[in-house]
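First residue of the sequence shown: 1, per our numbering; consecutive thereafter.
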Amino acid sequence: MFTLRLKVLTEVLPKTDYDRSISEAVIQMNAVFSDKVATYFSHPEQMFPEIENGKVPTGQFLRACQGIADFVGFLGTAFIPIKNDISGNVAKVRTKYESGIDKCKYIEDLIEDDLAKNSGKMGSATEGLLWLKRGLEFMLEFLSEMVQVYRSSTDKTKTDNLTGSINKAYNNTLKRHHGFISKQLFKIVILAAPTRSTVLKALAEGGEGMDDICIDHVAAHLDNFRTNVTNIVNYYIIKKLDTPNPLLRN
1 MFTLRLKVLT
11 EVLPKTDYDR
21 SISEAVIQMN
31 AVFSDKVATY
41 FSHPEQMFPE
51 IENGKVPTGQ
61 FLRACQGIAD
71 FVGFLGTAFI
81 PIKNDISGNV
91 AKVRTKYESG
101 IDKCKYIEDL
111 IEDDLAKNSG
121 KMGSATEGLL
131 WLKRGLEFML
141 EFLSEMVQVY
151 RSSTDKTKTD
161 NLTGSINKAY
171 NNTLKRHHGF
181 ISKQLFKIVI
191 LAAPTRSTVL
201 KALAEGGEGM
211 DDICIDHVAA
221 HLDNFRTNVT
231 NIVNYYIIKK
241 LDTPNPLLRN
C-alpha cells in the first residue's frame with residue numbers, strides 16, 4: 001500500500017514538488033488517497049443527509065443511524081447493548097416512517113404527526129427518537145474526540161487508548177440521563193474499550209496503513225452528522241420534549 005501511494009504521488013505532483021518537506025508530501029499523499037480509497041464511513045449509505053428546507057430527511061437519516069449502530073459493533077462485545085439500543089430505537093422510528101412515508105418525509109414532520117396522534121404526548125416513535133438522538137449525541141462526541149486527539153498527537157501510540165475519549169463523551173451526554181445503576185454499568189463497559197488502532201483497522205475494511213485516511217473520512221462524516229443531531233436536539237427543546245444540554249458541541 002505504501003509503495004502504491006508513492007507511485008500515485010509521483011504521478012500527481014510536479015517535479016518541483018520533490019523539494020518539499022516530508023510532512024508536506026505526506027499531507028498531499030493523504031489528500032489524494034482520501035478521495036480515492038473507500039472506508040466504512042465513506043460509503044454513501046453511511047452518510048447523514050443534507051438539511052432540506054431546515055428539516056432532516058427521514059429515510060437517509062435512519063440509514064445513517066443504523067450505520068452508527070453497526071459501527072458500535074466494532075467496539076467489541078461489551079458494547080453490544082449500546083448497539084442494540086440504537087438499533088431498537090431506529091426500528092421504532094422506522095416503523096412510524098414506513099406507516100406514512102409521505103407524511104413523515106422529514107424527521108420534524110414525523111414528530112409532529114406522532115404528537116398529533118398521541119394528544120400532544122410522545123408516542124413510541126417520538127420516545128424512540130428521543131433516546132436515539134441521545135445515543136447519537138454520545139457517538140458524535142466520541143467520534144469528534146477521537147479525531148481531535150488523533151490529529152493533535154505527535155506520538156500516536158501514547159494516545160491509542162480510547163477509554164478517556166469514551167468517558168469524556170459519556171460525561172458530556174448520556175450521563176445526565178442515567179441513574180446510578182446505569183452509570184456504574186457504563187464504568188465497567190468502557191474498561192473493555194478497544195484501542196483506536198483496532199477501531200481504525202475495522203474502519204479500513206481490510207486496508208493497511210490507512211489510519212490517516214480513516215480519520216479524514218470520520219471527520220468528513222461528522223459535518224452532516226452534527227447538523228442532523230443539532231436540528232433534532234433543537235426541535236425537541238422547542239417542543240419541550242427534552243431539556244438543553246450545555247455540554248453539547250453545536
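We put the CB at the ideal spot given by N, CA and C, even for glycine.
Three-state secondary structure (DSSP) of residue i
i, result
"Met29", "Bear in mind that the predicted position of Met29 carries a pLDDT of just 44, short of 50, making it unreliable; the figure below should be weighed with that in mind. The answer is helix: DSSP assigns Met29 an H, G or I state."
"Asn228", "helix"
"Glu52", "strand"
"Thr195", "strand"
"Pro244", "coil"
"Asn161", "strand"
Residue j beta carbon less than 8 Å from that of residue i
i, j, result
"Phe71", "Val189", "no"
"Leu110", "Lys96", "yes"
"Ala45", "Gly59", "Checking the displayed sequence, the identity of residue 45 turns out to be Glu instead of Ala. Result no, Cβ atoms of Glu45 and Gly59 do not sit closer than 8 Å."
"Ser87", "Ala69", "yes"
"Leu227", "Ile51", "According to the sequence displayed, residue 227 carries Thr and not Leu. In contact: Thr227 and Ile51 (Cβ atoms closer than 8 Å)."
"Asn231", "Met47", "no"
Whole-Å CB distance - residue i paired with residue j, under 8 Å assumed
i, j, result
"Arg94", "Met146", "About 28 Å; that fails the 8 Å criterion."
"Leu203", "Thr77", "The pair is not a contact, with the Cβ atoms about 18 Å apart (cut-off 8 Å)."
"Leu241", "Thr126", "7 Å"
"Leu222", "Leu140", "7 Å"
"Glu137", "Thr173", "4 Å"
Own chain residues within Cβ distance below 7 Å of residue i, not counting five before or after
i, result
"Pro244", "Ile237"
"Lys175", "Lys183"
"Ser165", "Phe142, Glu145, Met146 and Val149"
Enclosing alpha helix (DSSP H) for residue i [first to last residue]
i, result
"Arg176", "Here Arg176 belongs to no alpha helix (DSSP H), and DSSP marks it neither H nor E."
"Met91", "Looking at the sequence itself, residue 91 is Ala, so the reference to Met does not match. Residues Ile80 to Ser99."
Own chain residues within Cβ distance below 6 Å of residue i, not counting five before or after
i, result
"Gly128", "Asn89, Lys92 and Val93"
Close-in-space but distant-in-sequence residues of the same chain around residue i (CB under 8 Å, 5 per side omitted)
i, result
"Lys7", "The predicted model places Lys7 with a pLDDT of 42, which falls under 50 and marks its position as unreliable, so this point remains unresolved."
"Ile22", "Reliability of the predicted coordinates at Ile22 is poor, the pLDDT of 43 falling under 50, and the value obtained from them is presented with this limitation in mind. Contacts found: none."
"Lys15", "With a pLDDT of 48 at Lys15, under the threshold of 50, the modelled position of this residue cannot be trusted; read the value that follows with caution. Once the five neighbours on either side are set aside, Lys15 has no close Cβ partner at all."
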